[in-house]
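Each remark here refers to the structure printed beneath this line.
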Amino acid sequence: MTDASVEETVKQIVMRIVRKPDLNFSPEATFKDFDADSLDIVQILVAIEDHYDIEIDDDELQEVQNMGGFLAYVENKIAEKG
Amino acid sequence: MSLKGKVALVTGGSRGIGRVIALKIADEGADVIINYFRKKSTAQSTCDEISARGVRAYAIKGNIGEPDKIDAMFDEIESKFGKLDILINNAASGVPRPALELDARSWDWTMDINARAFLLCAQRATRLMPNGGKMVSISSLGSRMVMPVYTSVGVSKAALEALTRYLAIELAPKGICVNGVCAAAVETEALKLYVNDPNLPKPAWQTTPAGRMVQPEDIANVVTFLCQEESVMIRGQIIVIDGGFSLFPTSFVPEGESSES
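Protein sequences appear in the order of chains A and B. The first sequence: position 26 = 26 (my numbering), numbered continuously. Numbering-wise, my numbering comes out as the position in the second sequence, counting from 1, plus 82.
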């Protein structure tokens with residue numbers, strides 16, 4: 001179950017950085033669907049890290065398939081922080 | 083221990099060349115603050131290595147491409163240390179694309195981190211150096227030689243070198259020495275992003291007169307010298323550390339010494 005506030009925050013960050021005001025932020029969507037390049041992805045990760053004061057591991061992220069998985073990963077990191 | 087009692091900041095100091103510079107400066111007795119981009123565990127590991135040398139170690143997270151992050155970093159340094167004696171502008175990034183494929187965002191990202199950050203860091207650092215200090219910028223041969231897909235970084239390094247000269251003159255009356263080093267390709271993790279590119283020329287180790295590639299320690303040794311009083315009359319210079327690579331025409335590699343048939 002995805003936390004609505006985390007989902008909305010992540011969505012806002014992604015929309016701001018990929019410069020698309022209206023994204024279909026479905027669980028199945030990928031960064032590729034948003035036309036995000038490598039620089040976009042780095043900026044998205046840094047923005048989320050700064051917002052939640054968490055650390056996203058690039059190696060762990062390789063396992064993440066889509067936005068649903070990405071949100072679950074971020075929520076898990078937030079929970080780990082306590 | 084020629085830097086005992088000094089406080090140094092190494093941007094991008096948690097890994098690669100920055101880490102080795104941070105450790106070398108710590109070897110000379112200075113307390114070392116490292117700025118890092120994202121990975122806290124890597125920064126913590128480097129801090130542990132610095133502390134093991136009997137000096138204070140401190141890590142500050144932040145993308146120095148963002149002016150507010152630079153301000154926050156220097157506020158923290160001022161609060162924790164009250165002064166700064168040495169600034170090593172090492173953090174760098176880049177988007178490896180040919181010039182015709184570079185968009186404004188990629189250009190700005192690279193310039194902000196590689197060149198503008200030194201300006202903003204130097205402005206804040208100067209306020210913490212009322213009795214003088216040392217600043218060293220870390221450049222690369224891309225500032226003066228053309229390498230495929232290196233456009234944004236090469237141009238940003240050229241700007242960094244020019245800025246080093248301007249700062250050297252403007253800060254000289256304040257007793258602050260500003261210099262830079264310009265290194266050939268150094269064996270680090272970052273290089274691995276480029277070495278597999280088939281468009282790149284022959285590997286540097288085949289064409290370096292000194293017979294090997296530049297190592298991070300080679301950079302750290304020169305940077306540390308530029309932080310010491312013995313180098314006080316060197317101002318605004320960019321010291322090339324390349325084992326003679328940039329002076330040597332690569333087409334003159336003697337037959338039989340190249341791995342290519």
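Cβ coordinates follow ideal geometry from the N, Cα and C atoms, glycine included. None of the values given here were measured: they were computed from a predicted structure.
Note to self: Just checking: is the beta-carbon of Glu342 of chain B within a distance shorter than 9 Å of some beta-carbon in chain A?
What the structure shows: The residue you call residue 342 of chain B lines up with position 260 of the second sequence. Interpretation of Glu342 of chain B is limited by its pLDDT of 45, a score under 50 that renders its predicted location unreliable; the figure taken from the coordinates is listed afterwards. No, its Cβ sits nowhere closer than 9 Å to a Cβ of chain A.
Note to self: Which residues in chain E have a C-beta closer than 8 Å to the C-beta of Glu60 of chain A? List them in chain order.
What the structure shows: In the structure shown, chain E does not exist; the protein chains are A and B.
Note to self: Within the continuous beta strand (DSSP E) that includes Ser234 of chain B, where are the two ends?
What the structure shows: On the second sequence, residue 234 of chain B is found 152 positions in, with the first residue counted as 1. Where Ser234 of chain B is concerned, there is no enclosing beta strand (DSSP E), although the alpha helix (DSSP H) it sits in stretches over Thr233 to Leu253.
Next item on the list: Please check if any C-beta of chain A sits within less than 9 Å of the C-beta of Ser123 of chain B.
Entry: Within the second sequence, the letter at position 41 stands for residue 123 of chain B. Contact with chain A is found for Ser123 of chain B, since one of that chain's Cβ atoms lies less than 9 Å from the residue's Cβ.
Item checked: Cβ-Cβ distance between Ile170 of chain B and Lys88 of chain B below 9 Å -> Within the second sequence, residue 170 of chain B is the residue found at index 88, counting from 1. Within the second sequence, residue 88 of chain B is the residue found at index 6, counting from 1. No; because the gap between Cβ atoms is not below 9 Å, this pair is not in contact.
Next item on the list: Using alpha carbons as the reference points, say which of B:Ser188, B:Asp153, B:Val114 and B:Ala141 lies closest to Arg135 of chain B.
Entry: Residue numbering aside, residue 135 of chain B sits at position 53 when the second sequence is read from its first letter. Among B:Ser188, B:Asp153, B:Val114 and B:Ala141, the Cα nearest to that of Arg135 of chain B belongs to B:Val114.
Check: So what's Ile115 of chain B in DSSP terms, helix, strand or just coil?
Finding: Within the second sequence, residue 115 of chain B is the residue found at index 33, counting from 1. DSSP places Ile115 of chain B in strand when its eight states are reduced to three.
Margin query: Any C-beta of chain A within less than 8 Å: which residues of the stretch 142 to 170 of chain B qualify?
Written below: For the stretch 142 to 170 of chain B, the set of residues with a beta-carbon nearer than 8 Å to any beta-carbon of chain A comprises Asn145, in chain order.
Note to self: Which residues does DSSP list as the beta-bridge partners of Leu169 of chain B?
What the structure shows: In the second sequence, residue 169 of chain B corresponds to position 87, counting from 1. In the DSSP output, where bridge partners are listed per residue, Leu169 of chain B has B:Leu91 and B:Met217.
Check: Of all the CB atoms in chain A, is at least one closer than 9 Å to the CB of Gly95 of chain B?
Finding: Along the second sequence, one-based indexing puts residue 95 of chain B at 13. It does not; no Cβ of chain A falls within 9 Å.
Notebook entry, point to check: Going along chain A, which residues have a C-beta under 8 Å from Asn187 of chain B?
Noted result: By one-based count along the second sequence, residue 187 of chain B stands at place 105. The identity of residue 187 of chain B in the sequence shown is Arg, whereas the question assumes Asn. Within 8 Å Cβ-Cβ: Leu39.
Note to self: I'd like the list of long-range same chain contacts for Glu63 of chain A, defined as Cβ closer than 6 Å, with 5 residues on each side in sequence excluded.
What the structure shows: Locating residue 63 of chain A in the first sequence gives position 63, counting from the first residue. Excluding residues within five positions, none has a Cβ falling inside 6 Å.
Next item on the list: Measure the alpha-carbon distance for Gly164 of chain B versus Ile56 of chain A and round it to whole angstroms.
Entry: Position 82 of the second sequence, counted from the start, is the residue given in the question as residue 164 of chain B. Position 56 of the first sequence, counted from the start, is the residue given in the question as residue 56 of chain A. Cα to Cα, Gly164 of chain B sits roughly 32 Å from Ile56 of chain A.
Item checked: Gly100 of chain B versus Lys81 of chain A: straight-line alpha-carbon distance, rounded -> Against the second sequence, residue 100 of chain B aligns to sequence position 18. Against the first sequence, residue 81 of chain A aligns to sequence position 81. For Gly100 of chain B and Lys81 of chain A, the distance between alpha carbons rounds to 28 Å.
Note to self: Quick check on DSSP: helix, strand or coil for Ser175 of chain B?
What the structure shows: Along the second sequence, one-based indexing puts residue 175 of chain B at 93. DSSP, reduced to helix, strand and coil, places Ser175 of chain B outside both helices and strands of the structure shown, so it counts as coil.
Notebook entry, point to check: Can you name the start and end residues of the alpha helix (DSSP H) that Glu296 of chain B belongs to?
Noted result: Within the second sequence, numbered from 1, the residue matching residue 296 of chain B stands at position 214. The sequence given here has Val at residue 296 of chain B, not Glu. Per DSSP, Val296 of chain B belongs to no alpha helix (DSSP H) and is neither H nor E.
Next item on the list: Using alpha carbons as the reference points, say which of B:Ala104, B:Leu105, B:Gly94 and B:Glu131 lies closest to Lys143 of chain B.
Entry: Residue 143 of chain B sits at position 61 when you count from the first residue of the second sequence. Among B:Ala104, B:Leu105, B:Gly94 and B:Glu131, the Cα nearest to that of Lys143 of chain B belongs to B:Gly94.
Margin query: Just to confirm the assignment, what range does the alpha helix (DSSP H) spanning Cys259 of chain B have?
Written below: By 1-based counting over the second sequence, the position of residue 259 of chain B is 177. Element bounds for Cys259 of chain B: not the alpha helix (DSSP H) but the beta strand (DSSP E), Ile258 to Ala265.
Notebook entry, point to check: Taking three-plus beta-carbon pairs below 8 Å as touching, is the stretch 299 to 306 of chain B in contact with the stretch 224 to 237 of chain B?
Noted result: The stretch 299 to 306 of chain B is not in contact with the stretch 224 to 237 of chain B.
Note to self: Can you list, in chain order, the residues of its chain with a C-beta nearer than 7 Å to that of Val358 of chain B? Leave out the 5 residues immediately preceding and following it.
What the structure shows: Here chain B has residues from 83 to 343 only, and residue 358 of chain B is not among them.
Check: So, Ser234 of chain B versus Met193 of chain B, is the Cβ gap smaller than 9 Å?
Finding: Working through the second sequence from its first residue, we reach residue 234 of chain B at position 152. Working through the second sequence from its first residue, we reach residue 193 of chain B at position 111. For Ser234 of chain B and Met193 of chain B, yes; Cβs fall inside 9 Å.
Next item on the list: Taking the CB atoms as reference points, tell me whether Ala117 of chain B and Ala141 of chain B lie closer together than 9 Å.
Entry: Taking the first residue of the second sequence as 1, we reach residue 117 of chain B at position 35. Taking the first residue of the second sequence as 1, we reach residue 141 of chain B at position 59. First, the amino acid is wrong: residue 117 of chain B is Asn here, not Ala. In contact: Asn117 of chain B and Ala141 of chain B (Cβ atoms closer than 9 Å).
Check: Near Asn172 of chain B, which residues of its chain fall below 7 Å by C-beta distance, leaving aside the five closest residues on each side in sequence?
Finding: As a working note, residue 172 of chain B is residue 90 in the second sequence. The answer, listed in chain order, is Val92, Thr93, Gly94, Gly95, Ile99, Gly100, Ile103 and Ile220.
Margin query: Could you check whether the stretch 39 to 51 of chain A touches the stretch 13 to 30 of chain A, counting it as contact only if at least three pairs of C-beta atoms, one from each stretch, sit closer than 8 Å?
Written below: yes
Item checked: Delimiting residues of the beta strand (DSSP E) encompassing Lys143 of chain B -> Position 61 of the second sequence holds residue 143 of chain B. Counting along the chain, the beta strand (DSSP E) containing Lys143 of chain B begins and ends at Ala139 to Lys143.
Next item on the list: Give me the Cα-Cα distance between Ile132 of chain B and Ile316 of chain B, rounded to the nearest whole angstrom.
Entry: Residue 132 of chain B sits at position 50 when you count from the first residue of the second sequence. Residue 316 of chain B sits at position 234 when you count from the first residue of the second sequence. Straight-line Cα distance between these residues: approximately 28 Å.
Item checked: Host beta strand (DSSP E) of Ile56 of chain A (start-end) -> For the purposes of this step, residue 56 of chain A is taken as the residue at position 56 of the first sequence. Counting along the chain, Ile56 of chain A falls outside any beta strand (DSSP E), and DSSP gives it neither H nor E.
Notebook entry, point to check: Under the three-state reduction of DSSP, which class applies to Val228 of chain B: helix, strand or coil?
Noted result: To locate residue 228 of chain B, count along the second sequence from 1; it is residue 146. Coil, per DSSP.
Note to self: If you measure between the beta carbons of Cys309 of chain B and Lys216 of chain B, is that distance less than 9 Å?
What the structure shows: Your numbering for residue 309 of chain B matches position 227 in the second sequence. Your numbering for residue 216 of chain B matches position 134 in the second sequence. Their beta carbons are under 9 Å apart, which means Cys309 of chain B touches Lys216 of chain B by this criterion.
Margin query: For a contact defined as C-beta to C-beta under 7 Å, what are the partners of Asp46 of chain A on chain B?
Written below: If you number the first sequence from 1, residue 46 of chain A lands on position 46. A small correction: the amino acid at residue 46 of chain A is Val; Asp does not occupy that position in the sequence shown. Under the 7 Å cutoff, chain B gives Arg120 and Asn145.
Check: Would a C-beta distance cut-off of 9 Å place Tyr232 of chain B and Gly147 of chain B closer than the cut-off?
Finding: The sequence position of residue 232 of chain B within the second sequence is 150, counting from 1. The sequence position of residue 147 of chain B within the second sequence is 65, counting from 1. Cβ distance not < 9 Å, so Tyr232 of chain B and Gly147 of chain B don't count as in contact.
Next item on the list: State the start and end residues of the unbroken alpha helix (DSSP H) segment that holds Ile78 of chain A.
Entry: Taking the first sequence and counting its residues from 1, one reaches residue 78 of chain A at position 78. Element bounds for Ile78 of chain A: Met67 to Lys81.
Next item on the list: Output the distance between the C-alpha atoms of Ser26 of chain A and Asp58 of chain A, rounded to the nearest integer angstrom.
Entry: In the first sequence, counting from the first residue as 1, residue 26 of chain A sits at position 26. In the first sequence, counting from the first residue as 1, residue 58 of chain A sits at position 58. Distance between the alpha carbons of Ser26 of chain A and Asp58 of chain A is about 22 Å.
Check: How would you label Pro196 of chain B, buried or exposed, when you count the other beta carbons within 10 angstroms and need 16 or more for buried?
Finding: For this step, residue 196 of chain B is matched to residue 114 along the second sequence. Looking at the sequence shown, residue 196 of chain B is not Pro but Asn. When all chains shown are included, Asn196 of chain B counts as buried.
Checklist line | Within chain A, partners of Val177 of chain B - CB distance below 9 Å | finding: Along the second sequence, read from residue 1 onward, the residue named residue 177 of chain B stands at position 95. Those are Asp37, Ser38 and Leu39, listed as they occur along chain A.
Check: Ala346 of chain B to Leu61 of chain A, Cα distance in whole Å?
Finding: Since the first residue of chain B shown is 83 and the last is 343, residue 346 of chain B is not available in this structure.
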